[in-house]
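Quick notes on the structure that follows.
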Amino acid sequence: MRRFLLLYATQRGQAKAIAEEISEQAVSHGFSADLHCISESEKYDLKTETGPLVMVVSTTGTGDPPDTARKFVKEIHNKTLPTDYFAHLQYGLLGLGDSEYTYFCNGGKVIDKRLQELGAQRFYDTGHADDCVGLELVVEPWIDGLWAALTKHFKSLGGQENMSDTLSRASDAPLSTAMKPELLHIQSQVELLRLEDMGERDSELREQNETNRGQQGRIEDFDSSLVHSVPPLSQSSLSIPAVPPEYLEVHLQESLGQEENQASVPSGDPSFQVPISKAIRLTTNDAVKSTLLLELDISKIEFSHQPGDSFNVTCPNSDREVEELLQRLQLADKRAHRVILKIKTDTKKKGAALPAHVPEGRSLQFILTWCLEIRAVPKKAFLRALAEHTSSATEKRRLQELCSKQGAADYNRFIRDASVCLLDLLLTFPSCQPPLSLLLEHLPKLQPRPYSCASSSLRHPDKLHFVFNIVEFPPSTTAASLRKGVCTGWLATLVAPFLQPNTDVSNVDSGDALAPEIRISPRATNAFHLPEDPSAPIIMVGPGTGVAPFVGFLQHREKLQEQHPDGKFGAMWLFFGCRHKDRDYLFREELRHFLKTGVLTHLKVSFSRDAAPDGEEAPAKYVQDNLQRHSQQVARTLLQENGYVYVCGDAKNMAKDVNDTLIGIISNEAGVDKLEAMKTLATLKQEKRYLQDIWS
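Shown next as structure tokens:
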């Protein structure tokens, strides 16, 4: 059988699942995939690899390769490697990303670009899948076309033709989801010069999306829903994926009643149990969002951190949702039973392995609470498997439609965009009775949630502050009651007994309440730190909870200035924004204190929902408006004074708008065209003078 090497670089399991799908399909196409995580370097050797290489690479953070690929990326970027180091290698790469983030698919692009620089050749065009519009729009046609590309590669071994030039795709679907030129994501300068090519691909994507929207518009006219389809879909013959092979055998064993806690949750990183010593509500009761500040007591652990770092919080699923799931699965009476897993002896799944995130011998309740992401949006393979356990013909047909190629628009609208989870599906399709093994095969690991440090250890030794909004999801057709964010909802409930009202954060007493404990772990260090040279000026852009790391920056700088009264310190600009001056102006007193003492040189605040008093100029509405109002100073700081700009907060709108505003400012103030301004901003990023800490 024709063998190829298949590597995946994953952060949350997406790339791994797609690589496993490729591996499963390979057999039916006459190929054998040698599947490995990219971090398992002892199991493969690209320097001596003779077969074709297929890679699936996700992106994390603000355009970084996933943690599993850090070592690989560092090794291939060794500057001593010759330009023909990988000249023997033929490869195809599928990058995963989210265009809500500025550096779209950058994890894959970094590896792709470096492989090219080291002489590797593509036997198949690179694909860029966008989670913002649905990964499957690119993933499915890319996989469909892969088999023709591999076939052609093996047929022409020994020939010298350039596969990436001669290969015609098996599908007309776009393999890139690039933005239009004026909103182009900043990548390498080489990529920025390929605007025409990017624009052509973008027009293909817009056409695809308009088709989908058109289909959705027609669907709405006929009142389709999660449970009900309309013509033409309801009358179509369906192209559905093969049933994923089952591979787990589950036994529930009566428990001896051993105690279980968070420490039993598998984790690859060192983690620490720490008490919450303080909890403060930063917003008023009538604010649109509730924002809390929590203080952790880290005096008894070794947990070094600096402003700009982030850390993970291990959190459980909602008790209520776990209970509903147990009841729906008719397993409530077995909640305390120990879960024993084995690989089915007759499984057809290649390389089947026990899920590493399910610890051995824990209770069913513990596993559903601490180990499985029960809120995860089910992938199409999971829907296909659920359909096999659905007795109603109508319900089975609908689940098949939702995982079919013909039902892609419905899947996006009613599953992905609606954030439907397994419990929603089980309540919507009552005849679906999946075995527990199916859940353990398909539900991903419950991921810890990352938070930015909002304090400096110089100002608060032995303490660690972080800030968050309590995320709320309104009731929907599938979820009858209001749901809160998995971690933020849990934390809010945990601190409710001793939550203190909004006040000057620095003077709040902890109170006498018994401090609950949570488990935290450090995250890989990033570059989102104050400049090594304290005389460099900095611009901080952080609306809402995006201000959190900058409070740490300012606390740190204040202490440094106290310690070095004759030191030279650069100007600090903060652009903050919120809805209402009197409801959600976070850290107002502390920021005014920094301004008064001169630590903060300029504080520019925008209020998006407050009207201007009569006769006064309308205040800036958003942070990007204030940046524009101070464009000369911003340009001078970045272009003439070797300053730094930091952006923290929402990726979906704010970070993109700030990025576009910076391009406009550089273009106008430096008198250059937009392309040149984009290249300047790309250079700032490469020099680590334009830094982002953003989330969606």
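For the sequence shown, the UniProt record's numbering begins at 1 and goes up steadily by one. Every residue, glycine too, gets a C-beta built ideally from N, C-alpha and C. This one's a predicted model, so the numbers in the text were calculated from it and none came from an experiment.
For residue 115, the nearest candidate out of 137, 91, 133 (CA to CA): That would be 91, whose Cα lies nearest to the Cα of residue 115.
Residues bridged to residue 36 (per DSSP): Residue 36 has 7 as its beta-bridge partners, per DSSP.
Enclosing beta strand (DSSP E) for residue 273 [first to last residue]: 272-281 is the extent of the beta strand (DSSP E) around residue 273.
Bridge partners - residue 470, DSSP secondary structure assignment: Partner(s): none; residue 470 has no beta bridge.
Nonlocal neighbours in the same chain, by C-beta distance under 6 angstroms from residue 546, ignoring five residues either side: 648, 649
Beta-carbon proximity of residue 606 to residue 623, cut-off 8 angstroms: Their beta carbons are under 8 angstroms apart, which means residue 606 touches residue 623 by this criterion.
Strand pairing of residue 312, partner residues [DSSP]: 450, 521, per the DSSP bridge assignment.
Buried or exposed (CB count within 10 angstroms, at least 16 for buried), residue 468: buried
Beta-bridge pairing of residue 603 - partner residues as DSSP gives them: 574
Residue 6 versus residue 585: straight-line alpha-carbon distance, rounded: If you take the alpha carbons of residue 6 and residue 585, they lie about 50 angstroms apart.
Unbroken stretches of the alpha helix (DSSP H), 4 residues or longer, contained in the segment 391-454: Whole alpha helix (DSSP H) segments, 4+ residues: 393-402, 408-411, 422-428, 436-442.
With 16 other Cβ atoms within 10 Å as the buried cut-off, status of residue 290: buried
Beta carbon of residue 56 nearer than 8 angstroms to that of residue 317: no
Residue 559 vs residue 456 beta-carbon contact at 8 angstroms: Yes. Within cutoff.
Assumed close pair residue 576, residue 542 - CB separation to whole angstroms, cut-off 8 angstroms: 6 angstroms
Selected residue, minimal CA-CA separation from residue 135, among 661, 315, 96: 96
Three-way DSSP call (helix, strand, coil) for residue 705 in this model: The first residue shown for the chain is 1 and the last is 696, placing residue 705 beyond what the model contains.
Endpoints, the beta strand (DSSP E) within which residue 249 is located: 248-253
Between the CA atoms of residue 657 and residue 66 - distance to the nearest angstrom: 26 angstroms
Per DSSP, cross-strand counterpart(s) of residue 147: Beta-bridge pairing links residue 147 to no other residue.
Per-residue burial, residue 238 [other beta carbons within 10 Å of its own, 16 or more giving buried]: exposed
Rounded distance between the beta-carbons of residue 377 and residue 367, thought under 8 angstroms: Their Cβ separation, rounded to whole angstroms, is 20 angstroms, which puts residue 367 and residue 377 out of contact at 8 angstroms.
Alpha-carbon to alpha-carbon, residue 555 and residue 458: If I take the Cα positions, the gap works out to 8 angstroms.
Segment contact, 8 angstroms Cβ cut-off, at least three pairs: the segment 665-674 with the segment 628-644: yes
Member of 109, 354, 661, 117 whose CA lies at the smallest distance from the CA of residue 128: 109
Selected residue, minimal CA-CA separation from residue 29, among 18, 42, 4: Minimum Cα distance to residue 29 is reached at 4.
Strand pairing of residue 60, partner residues [DSSP]: Residue pairing by DSSP places residue 60 opposite 64 in a beta bridge.
C-alpha distance - residue 280 paired with residue 293, whole-angstrom precision: 5 angstroms
Nearest-angstrom beta carbon gap, residue 421 and residue 375 [assumed within contact, 8 angstroms]: 5 angstroms
Inter-stretch contact (C-beta, 8 angstroms, three-pair minimum) for the segment 300-315 and the segment 534-541: no
Rounded Cβ spacing between residue 532 and residue 443 (contact assumed at less than 8 angstroms): That belief does not hold up - the Cβ atoms of residue 532 and residue 443 are roughly 44 angstroms apart, past 8 angstroms.
Neighbourhood of residue 80 by C-beta distance below 8 angstroms, restricted to the same chain and skipping five residues each side: none
Cut-off 7 angstroms between Cβ atoms - residues of its own chain near residue 86, not counting five sequence neighbours on either side: 46, 115, 118, 119, 120
Spatially closest choice to residue 522 from 305, 463, 346, by CA coordinates: 305
Option nearest residue 549 by Cα separation, candidates 320, 528, 572, 568: 528
Per-residue DSSP class, three states only, for residue 687: The answer is coil: DSSP assigns residue 687 none of H, G, I, E or B.
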